[in-house]
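Using our numbering, read the sequence shown as starting at 49 and increasing by one per residue. Heads up: the structure comes next, in structure tokens.
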Amino acid sequence: MEAKYHDLEGLIEDYNKVNIEFTETKEKIADLEEKLKPFQEKLDVLYEEVGEIARNTYMGGAMSGMTAVLTTGSADTLADRMTLLDQITVDDHDAIAALNDAKSDLDEQKRVLDGLYATQSKQDEELRGKKETIETDLERLSGERDKAYRDSRGLGPGDFTPPYVPGKRGEVVRFALKQTGKPYVFAAAGPGGWDCSGLTLGAWSQVGVNLPHNAEAQWNMVQHISRDQLKPGDLVFYNGLSHVALYIGDGHIVHAATNNNNVQVTTIEKAATDYYGAGRIPGW
């Protein structure tokens with residue numbers, strides 16, 4: 049049963065990870081499109097200028113030169129005008145070439161991002177399709193667990209009194225502790241329910257720290273520390289980075305885990321069978 053919970057938790061964190069990456073890709077595409085917009089607008093103007101010159105030349109034909117001679121009365125003036133017309137055309141072509149060169153790197157970045165968008169969009173669709181199945185499996189496993197045994201991973205209300213933690217770290221810990229008893233909810237980051245990385249994200253957001261909504265991504269941004277260096281507010285990781293908890297002191301953590309169906313306090317050992325490591329928010 050525990051293995052099934054771990055597998056489901058891994059899928060949920062995969063879902064969170066794809067959501068993060070997909071959102072980042074969409075933001076990058078929007079940013080590139082904004083950068084490309086003025087290039088395209090300028091190119092459109094230049095192409096219109098060149099097209100206008102070509103249309104006038106085609107429509108005027110040989111008569112335009114004769115008309116110019118008759119109206120100016122000076123061959124020198126005509127030569128000057130024809131040289132100026134040629135120069136305008138050359139300048140436009142040079143400007144178009146320069147703009148296209150400057151735009152080409154952005155176009156290549158956009159092409160790569162569009163490919164990434166297509167891949168992530170497919171992953172997002174597949175994981176969203178699994179969401180209902182995962183939620184059903186969580187409910188079924190919860191029922192099986194309750195029938196099989198009384199869950200011993202969590203602590204009762206009087207089993208442990210968390211130590212007082214001062215300062216900003218205390219704000220983080222107290223927020224997380226206030227969430228105890230709230231349900232574990234697929235891919236949720238509060239306020240009514242939480243998943244594991246959503247809870248740590250929510251707790252640290254109380255002091256202005258922005259964590260990604262994914263256990264592996266949180267591991268990748270923290271300073272890795274040994275277990276004996278843990279201080280309240282640090283993060284504790286499990287199950288091949290598919291689960292994360294918040295350390296609250298005296299060997300205890302608070303976490304939202306699939307196999308508990310709610311946010312609860314427990315010991316580091318009881319939280320999960322596969323301890324991975326510990327991490328500290330840089331600068332904290």
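For glycine and all other residues, C-beta sits at the position ideal for the given N, C-alpha and C. A quick note: this is a predicted structure, and the numbers were derived from the prediction, not measured.
Backbone secondary structure at residue i - three-state DSSP
i           : result
residue 144 : helix
residue 309 : coil
residue 314 : strand
residue 68  : helix
residue 288 : helix
residue 299 : coil
residue 320 : coil
residue 94  : helix
residue 294 : strand
Alpha carbon of residue i to alpha carbon of residue j, nearest angstrom
i           : j           : result
residue 329 : residue 272 : 9 angstroms
residue 320 : residue 279 : 19 angstroms
residue 247 : residue 331 : 20 angstroms
residue 208 : residue 267 : 27 angstroms
residue 96  : residue 152 : 20 angstroms
residue 263 : residue 243 : 10 angstroms
residue 76  : residue 161 : 8 angstroms
residue 212 : residue 298 : 11 angstroms
residue 141 : residue 82  : 24 angstroms
residue 222 : residue 252 : 11 angstroms
residue 276 : residue 323 : 14 angstroms
residue 156 : residue 309 : 46 angstroms
residue 168 : residue 245 : 21 angstroms
residue 383 : residue 261 : With the chain represented from 49 up to 332, any question about residue 383 goes unanswered, as that position is not in the structure.
residue 62  : residue 293 : 17 angstroms
residue 313 : residue 285 : 15 angstroms
residue 90  : residue 145 : 12 angstroms
residue 159 : residue 259 : 29 angstroms
residue 257 : residue 281 : 12 angstroms
residue 170 : residue 233 : 23 angstroms
residue 173 : residue 311 : 28 angstroms
residue 73  : residue 80  : 11 angstroms
residue 177 : residue 184 : 12 angstroms
Whole-number beta carbon distance between residue j and residue i, since they are thought to touch under 8 angstroms
i           : j           : result
residue 238 : residue 250 : 5 angstroms
residue 57  : residue 306 : 5 angstroms
residue 270 : residue 289 : Their Cβ separation, rounded to whole angstroms, is 11 angstroms, which puts residue 270 and residue 289 out of contact at 8 angstroms.
residue 300 : residue 315 : 6 angstroms
residue 154 : residue 84  : 5 angstroms
residue 60  : residue 235 : 6 angstroms
residue 296 : residue 214 : Not confirmed; about 13 angstroms, so no contact.
residue 175 : residue 66  : 6 angstroms
residue 216 : residue 255 : 5 angstroms
residue 166 : residue 94  : 32 angstroms between Cβ atoms; not a contact.
Per DSSP, the bridge partner or partners of residue i
i           : result
residue 328 : 271
residue 304 : 311
The ligand SAM heavy atom lying under 6 angstroms from the CB of residue i
i           : result
residue 213 : The model on display carries no ligand, and the ligand SAM is accordingly not part of it.
Cβ of residue i within 7 angstroms of any chain D Cβ
i           : result
residue 237 : Given the protein chain composition of this structure (a single chain), no chain D is represented.
Original post:
Counting only runs that start and end within the segment 194-282, where is the beta strand (DSSP E) found for 3 or more residues in a row?
Top reply: Here the runs fully enclosed are 271-273.
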